[in-house]
Amino acid sequence: MSLGCPKAASDAEQILTRLRAEGYEISGSYDGADLVVVNTCGFIDAAVEESLDAIGEALAENGKVIVTGCLGAKKDAAGNDIVRAAHPKVLAVTGPHAMPEVMEAVHRHLPPLHDPFVDLVPPQGIRLTPDHYAYLKISEGCNHRCTFCIIPSLRGDLVSRPIGEVMREAEALAQAGVREILVISQDTSAYGVDVKYRTGFWGGKPVKTRLFELCSELAKLGIWVRLHYVYPYPSVDDLIPLMAERKILPYLDVPFQHASQRILKLMKRPASAEKVLDRIAAWRREVPDLTIRSTFITGFPGETEAEFNELLDFLDEAQLDRVGAFAYSPVEGATANQLPGALPEGLREERKARLLRHQEDISTQRLERRIGRRITVLVDDVDEEGAIARSAGDAPDIDGLVYVTDGHDLEIGDFAEVNVIDCDVHDLYATLAACE
Ligand code: SF4
30 MSLGCPKAAS DAEQILTRLR AEGYEISGSY DGADLVVVNT CGFIDAAVEE
80 SLDAIGEALA ENGKVIVTGC LGAKKDAAGN DIVRAAHPKV LAVTGPHAMP
130 EVMEAVHRHL PPLHDPFVDL VPPQGIRLTP DHYAYLKISE GCNHRCTFCI
180 IPSLRGDLVS RPIGEVMREA EALAQAGVRE ILVISQDTSA YGVDVKYRTG
230 FWGGKPVKTR LFELCSELAK LGIWVRLHYV YPYPSVDDLI PLMAERKILP
280 YLDVPFQHAS QRILKLMKRP ASAEKVLDRI AAWRREVPDL TIRSTFITGF
330 PGETEAEFNE LLDFLDEAQL DRVGAFAYSP VEGATANQLP GALPEGLREE
380 RKARLLRHQE DISTQRLERR IGRRITVLVD DVDEEGAIAR SAGDAPDIDG
430 LVYVTDGHDL EIGDFAEVNV IDCDVHDLYA TLAACE
C-alpha cells in the first residue's frame with residue numbers, strides 16, 4: 030500500500046518492480062498476502078495519522094508488516110522512532126527512497142522461493158499509474174530549507190539521477206506505450222546542481238545533467254512531457270522556447286506559496302526575490318497558451334491581513350490558471366513553528382477558503398478563453414457519456430478534465446483533436462473536431 034505524493038508513489042513502483050523481478054507475487058488484498066509493505070507519508074499531521082492508521086490496519090489484518098517512506102525517518106520530540114513507538118510489532122522500518130533496505134527486510138522475513146524470473150518484469154518496471162502516463166523522478170532530496178518543510182531532513186540534500194539513467198527509463202516507458210511523462214522531484218529546476226551539471230551520456234553522445242538538456246532529449250521521444258515543481262530560477266526562461274515549439278507541454282507547475290516578500294523571506298523560499306509578475310508576463314508573451322499552476326499557504330505565522338490581501342492582489346495580477354491552497358499546518362520539526370505570531374486554525378482555514386473563492390473567477394475566465402478553440406487531448410477514460418480526457422493544461426489528478434461528449438469511440442491513451450464548446454470552474458466540454 031502506498032500513501033503520499035507522486036515521489037512516494039515512484040519509490041513504491043521501484044519496490045514493486047524489484048519484488049516482481051525476484052519472483053514475488055503482488056497481492057491486491059491482505060487475504061493470502063504473506064507480508065505487507067506500507068509506504069508512508071510524514072508531511073503533515075493528517076498524513077502521519079493516516080500512515081499510522083494504515084500500519085495498524087495492516088498489522089491487524091495480516092500481522093507481518095514492513096514500513097518504508099517519509100514517516101519511517103521521522104522521530105518524535107524525545108528522539109524516538111514515531112512508527113516503532115506507535116506500532117512496536119512492525120518487522121522493519123526504513124526511510125524514503127530505500128529500496129535496497131526494504132528488499133533486505135523482505136528477504137529476511139519472506140525469503141524468495143525460487144530464482145529470479147527477470148523476464149517476468151516488463152522493461153518499464155511496474156507502475157501504479159494507468160498505462161498511458163507515468164511519473165519520471167529525476168532527483169531525490171532538496172538543498173533548500175523552507176521553514177515550513179521537513180522534507181530535507183527526511184530525504185536529505187539534492188541527489189540528481191544520472192541523465193543516461195533517467196533517459197533509459199523514459200525511453201522504456203515510451204516504448205511500452207506511455208503517452209505522457211510527468212517529470213517530478215522536490216526541485217525540478219535544480220536538476221544537476223549537485224553534480225555541477227556533469228556531462229553524462231545518452232544515445233552515444235555527451236549530454237549535460239541539466240533540465241534544459243533533459244527536456245530537449247525527452248522531447249525526441251514524441252510524447253507529452255509535463256514539468257512539475259519548477260522554481261522560477263532564471264534558467265527556467267530557457268525552457269520557454271521548448272514550450273513555444275511544442276517540444277514539451279506549455280505547462281509550468283510553480284509552487285509560489287506566497288506573494289509578500291516578508292512572508293517569503295520567513296519561509297526561506299527558493300527564488301523568492303525573482304520579479305515573478307514580470308517573468309510570468311514575459312513567459313506568456315512567448316507562449317500565450319501557457320498554463321501556470323501554483324500552490325499557496327495561507328495563515329503562515331505572523332501573516333497580517335494586509336499581507337494576505339497582497340496575496341489576493343497578486344492572484345489578480347498573475348492570472349494563474351490553476352491554484353491550490355493549504356492552510357498552514359505546524360508540521361512537527363519545522364522551524365517555522367518557532368516563529369512569532371502563530372494564527373488560530375480557524376483564521377488559517379478561513380483565509381484558505383477566501384483565497385480559493387477569489388481565484389475561482391480567475392480560473393473560470395482563463396478556461397473561458399479556450400471556448401471555441403481546437404485543442405489536442407489525451408483520453409483517460411471512456412464511459413457511456415463519452416470520453417474523459419485532459420488537455421496540455423491539465424495534469425492528472427490535480428487539474429481539470431475535458432469531457433468529450435461524442436468521444437464514445439475513442440480509447441484510453443488516444444490523442445484526439447477536439448473543439449471546446451463550454452466550461453465550468455474546473456473542466457472543459459468539447460466535441461470531436463472534424464478530420465481535415
Ligand atoms: S524546496 Fe522547500 S518546500 Fe520544497 S522540498 Fe525543498 S525545502 Fe521542502
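To get the working numbering, take the position in the sequence shown, counting from 1, and add 29. Idealized CB from N, CA, C, for every residue including glycine. Keep in mind that this is a model prediction, so the values were computed, not measured.
query                                                                                                             : result
Local Cβ density within 10 Å of residue 402, reported as buried at 16 or more and exposed below that              : exposed
Residue 215 beta carbon near the ligand SF4 (any heavy atom closer than 7 Å)                                      : yes
Three CB pairs or more closer than 8 Å across the segment 384-394 and the segment 341-352                         : yes
Nearest candidate by alpha-carbon position, reference residue 284, set 114, 135, 238 and 321                      : 321
Through-space distance from residue 291 to residue 123, alpha-carbon basis                                        : 38 Å
Straight-line Cα distance separating residue 135 from residue 55                                                  : 13 Å
Touching by the beta-carbon criterion (3+ pairs, under 8 Å), the segment 269-280 and the segment 216-232          : no
Rounded Cβ spacing between residue 256 and residue 295 (contact assumed at less than 8 Å)                         : So it is not a contact: roughly 27 Å between Cβ atoms.
Coarse secondary structure for residue 462, derived from DSSP in three states                                     : coil
Residues bridged to residue 168 [DSSP beta-bridge criterion]                                                      : 189
Residue 174: CB within 7 Å of a non-hydrogen atom of the ligand SF4                                               : yes
CB contact flag (residue 10, residue 289, <8 Å)                                                                   : Outside the displayed range of the chain (30 to 465) lies residue 10, so it cannot be described from this structure.
Straight-line Cα distance separating residue 37 from residue 157                                                  : 11 Å
Residue 206, buried or exposed, once every other Cβ within 10 Å from all chains shown has been counted against 16 : exposed
Collapsed DSSP secondary structure at residue 111 in the structure displayed                                      : helix
Coil, strand or helix - residue 279 by DSSP                                                                       : coil
Whole alpha helix (DSSP H) elements within the segment 368-441, 4-residue minimum                                 : 374-397
Selection from 310, 366, 262 and 170 that minimises the alpha carbon distance to residue 298                      : 262
Residue 180 beta carbon near the ligand SF4 (any heavy atom closer than 7 Å)                                      : yes
Assigned exposure category for residue 311 - 16 Cβ within 10 Å defines buried                                     : exposed
Cβ neighbour criterion (16 or more within 10 Å) applied to residue 459                                            : buried
Sequence-distant residues of its chain with Cβ nearer than 8 Å to residue 376 (five each side left out)           : 328
Stretch pair the segment 199-219 + the segment 158-178: three plus CB contacts closer than 8 Å                    : yes
Validate contact between the segment 87-96 and the segment 56-65 using beta carbons, cut 8 Å, 3 pairs             : yes
Check: residue 299 C-beta below 7 Å from any heavy atom of the ligand SF4                                         : yes
Residue 171: CB within 7 Å of a non-hydrogen atom of the ligand SF4                                               : yes
Residues sharing a beta bridge with residue 66, DSSP                                                              : 95
Per DSSP, cross-strand counterpart(s) of residue 323                                                              : 352
Reduced DSSP secondary structure (H/G/I, E/B, other) of residue 242                                               : helix
In DSSP terms, what residue 229 is bridged to                                                                     : 236
Stretch-stretch touch, CB-based, cutoff 8 Å, three pairs: the segment 408-424 with the segment 362-369            : no
Distance between residue 242 and residue 100 (C-alpha atoms, nearest Å)                                           : 34 Å
Short Cβ contact (8 Å threshold) for residue 346 with residue 407                                                 : no
Contact check, residue 418 vs residue 445, beta carbons under 8 Å                                                 : yes
Span of the alpha helix (DSSP H) around residue 346                                                               : 334-347
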